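Rendered as structure tokens:
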């Protein structure tokens, strides 16, 4: 039976795409062949290393003691080396200690395991644990201050919530309370304030980026800390830029645009506070933090300026209470989430990624603010006002930073 | 010789052993050699012996694969192939090979050791071990050591004793891989000495295992005792940072803690104690619940001290003599306590 033109065309199309698929598959099939050849013959190159390369990353140390359990260290490690690794012996402070491991002494690549050591630790003292692999590679685990690791109970959760509340939510709302006063300012002062916000954000962005870079050393090698920084920061920057472009096309209303920018600032600052919370929680977990009242006061003072930054774009327009509330929560509440994550399940990998996302978001918002400043000062250029505002913003964070560093 | 005690069993006995030094009643209980019921030192849970249990490794090294058992080395004295020379002097001939050997020093960690292996004539059937064979002669004997370097680095045998310079085993008298050398000298003075490799870098060559004891008995011998043991103290730097990671006597850390040395109440015990530790300046020996006569370097038959702790610097050695008054389990260990928790710790099980 004769085929219709249409069906012939369809068949041709199907044939075409099958051929395309085949062409795409050829290099992949060849690749499989090359890999098989390499695995079988070594390709003429000797890959035997004279020394086995082993790497272990300590993910967490959990210290327990009476009355809940006997005195005990649990060290959660990840195999971040290229091959599986086996823990042979454990030394605590110049003494070989009996130990057990879960699920096994042998940890597959990228796998994790718990090393259990009964040890009569003394509160407040420092300990050094050495894990010897079967190839006699020694990995040190520092316990700078021995104390019972906070458990995931409601009391600790409440504690972390309060810390997050103090360093994140409360200061931001305090900053927002400046809104009525700032509304009385003239055009020039408002421009100055917006430029100041840009300065704040640039400083915060650099701060966040540096913190992300500092934490890279704690990320297991295969998880590529710097790669995470690139993906997180560039990804969020471009995503936010695309969103704001779409918003700009959708909304003709300048007030709406400005409110959108305020939301983006709040988001950027929120991501920064998430990172800050993670750091506080993690430090609290290893007893490294002197979370004295002084530090909390410092955070409150510094983060008030963040609240100021959020409201800077919307000084000249009426804003619903609901929006102000949401802005404050968006900017501050992630600090609570951060302390939970950092305190109860610290992960350097996660921290680096969130810090990178925070960096990208903050820089994008700073970019949006500069665009806004350009629009605002088109008719009456005030370059020195902008320069002094940006510098003041950075100096403000520098000086308040003296309190918490 | 020594039976293996389970950890748990030992701790029970050990607790009472300590008590035994305080109370005769408890000692009597141990003396019955029945499973002892006593206060358990550690908590009763799966991880070792609780937070306050003794330092110890997990597992047991493969002595068969290692080729030696520290317990056997205690009483392994090598008198050589004995013959009489034309002048009537006793000749002791040894065949020794320097050999590379992977030794499981603690369970699951192998150390690329350099060893002195005692062999049959023409260097047949060498048996690598750390420490090397305990060579034993009488003062005035002629010692002839056929040394073959079967490893891949130059080595020597440098003896502590009195001998001509060409027999001193120091560079430039390095014995290259594949070469041999005949060390020949008279055994003097009587006492407890040692031999070790003197190629450079010296500390590494010694620390990798090239050392052993050299006992020269006085003519007529030392006064008879019931048991004689050789204990060579040393360490292992398994990660090559020029600091010891583990410490031990006779090659394997914690061995005599987990395999007590059995002796009997009242038995006269003599220990030949040599310190071949590198990287650390001093080592020491402390005997629990007892005192011993100490003969530094063994060059006198009169003890210099009646004590329970002796310190030895690098390459120092001496002879200890004691007997136990009460049955029980008693520790002996370096009173450089850090060393003891890293392996230099053992037990005597004193049977009634």
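Protein chains in written order, with the working numbering: chain R, 14 to 418; chain V, 690 to 1041. We put the CB at the ideal spot given by N, CA and C, even for glycine. On a predicted model such as this, the values are computed, not experimentally measured, just so you know.
Beyond the five residues adjoining it in sequence on each side, residue 880 (chain V) comes within less than 7 Å, by CB distance, of 905, 986, 987, 988 in the same chain, given in chain order.
Considered as a whole, the segment 28 to 94 of chain R harbours no complete run of any alpha helix (DSSP H) with no fewer than 4 residues. Distance from the CA atom of residue 138 (chain R) to the CA atom of residue 131 (chain R), rounded to whole angstroms, is 16 Å.
In this structure the segment 805 to 821 of chain V does not lie against the segment 853 to 861 of chain V, because fewer than three pairs of beta carbons, one per stretch, are closer than 8 Å.
With respect to residue 1031 (chain V), residue 936 (chain V) sits close: the two C-beta atoms are nearer than 8 Å. The beta-carbon distance between residue 979 (chain V) and residue 997 (chain V), rounded to whole angstroms, is 6 Å. This is short enough to meet the 8 Å contact definition. Shown in chain order are the members of the segment 792 to 807 of chain V whose Cβ falls below 8 Å from a Cβ of chain R: 795, 796, 797, 798, 799, 800.
Closer than 9 Å at the C-beta level to chain R, one finds no residue of the segment 967 to 983 of chain V. Neighbours of residue 741 (chain V) across chain R, judged by C-beta separation under 7 Å: 133. Close to chain V, meaning a Cβ-Cβ distance shorter than 9 Å, are the following residues of the segment 92 to 117 of chain R: 99, 100, 101, 102, 103, 104, 105, 106, 107, 108, 109, 110, 111, 112, 113. At a cut-off of 8 Å between beta-carbon atoms, residue 780 (chain V) makes no contact with chain R.
Under the Cβ criterion (8 Å, minimum of three pairs), the segment 828 to 848 of chain V counts as touching the segment 862 to 878 of chain V.
Counting the other CB atoms within 10 Å of its CB gives residue 774 (chain V) a total below 16, which places it among the exposed residues.
With fewer than 16 other CB atoms across the displayed protein chains lying within 10 angstroms of its CB, residue 411 (chain R) is exposed.
The bridge partners DSSP lists for residue 984 (chain V) are V:1008. Contacts with chain V (Cβ-Cβ distance below 8 Å) from the segment 63 to 87 of chain R involve 83, 84, 85, listed in chain order. About 6 Å separates the CB atoms of residue 888 (chain V) and residue 860 (chain V); that is less than 8 Å, so the two are in contact. Using beta-carbon distances, residue 142 (chain R) does not count as an interface residue toward chain V, since no partner is under 8 Å. Spatial neighbours of residue 924 (chain V) in its own chain (CB-CB distance under 6 Å, excluding positions within 5 residues in sequence) are listed in chain order as 933, 936, 966. Only residues of its own chain outside the window of five on either side were considered, and among them 99, 100, 101, 126 have a CB closer than 8 Å to the CB of residue 118 (chain R), listed in chain order.
For the 8 Å CB-CB criterion, residue 192 (chain R) and residue 324 (chain R) form a contact.
Shortest Cα-Cα distance from residue 346 (chain R) to any of R:287, R:209, R:200, R:57 involves R:287. Secondary structure of residue 297 (chain R) (DSSP, three-state): helix. Excluding the 5 residues flanking it on each side, residue 416 (chain R) has same chain C-beta neighbours closer than 6 Å at 311, in chain order. Chain order gives no chain R residues near residue 1023 (chain V), where near means a beta carbon separation below 7 Å; the closest approach is about 12 Å.
Three or more Cβ pairs closer than 8 Å define a contact, and the segment 204 to 220 of chain R falls short of that threshold against the segment 333 to 346 of chain R.
Distance from the CA atom of residue 320 (chain R) to the CA atom of residue 189 (chain R), rounded to whole angstroms, is 5 Å.
In summary, the residues of the segment 743 to 772 of chain V whose CB is separated from some CB of chain R by less than 8 Å are 744, 745, 746, 747, in the order they occur in the chain. Of all C-beta pairs linking the segment 173 to 186 of chain R to the segment 364 to 383 of chain R, fewer than three are shorter than 8 Å, placing the two stretches out of contact. Along the segment 147 to 166 of chain R, going in chain order, the ones with a CB nearer than 9 Å to a CB of chain V are 147, 148, 149, 150, 151. Residue state for residue 754 (chain V) is assigned as helix, using DSSP reduced to three classes. Taking C-alpha positions only, residue 86 (chain R) is separated from residue 153 (chain R) by approximately 14 Å. For residue 965 (chain V), there is no enclosing beta strand (DSSP E), as DSSP marks it with neither H nor E.
The beta carbons of residue 946 (chain V) and residue 971 (chain V) sit no closer together than 8 Å.
Contact between residue 974 (chain V) and residue 1011 (chain V) fails: their C-beta atoms lie close to 11 Å from each other, not under 8 Å. Nearest in C-alpha terms to residue 339 (chain R), of all of R:123, R:182, R:233, is R:182.
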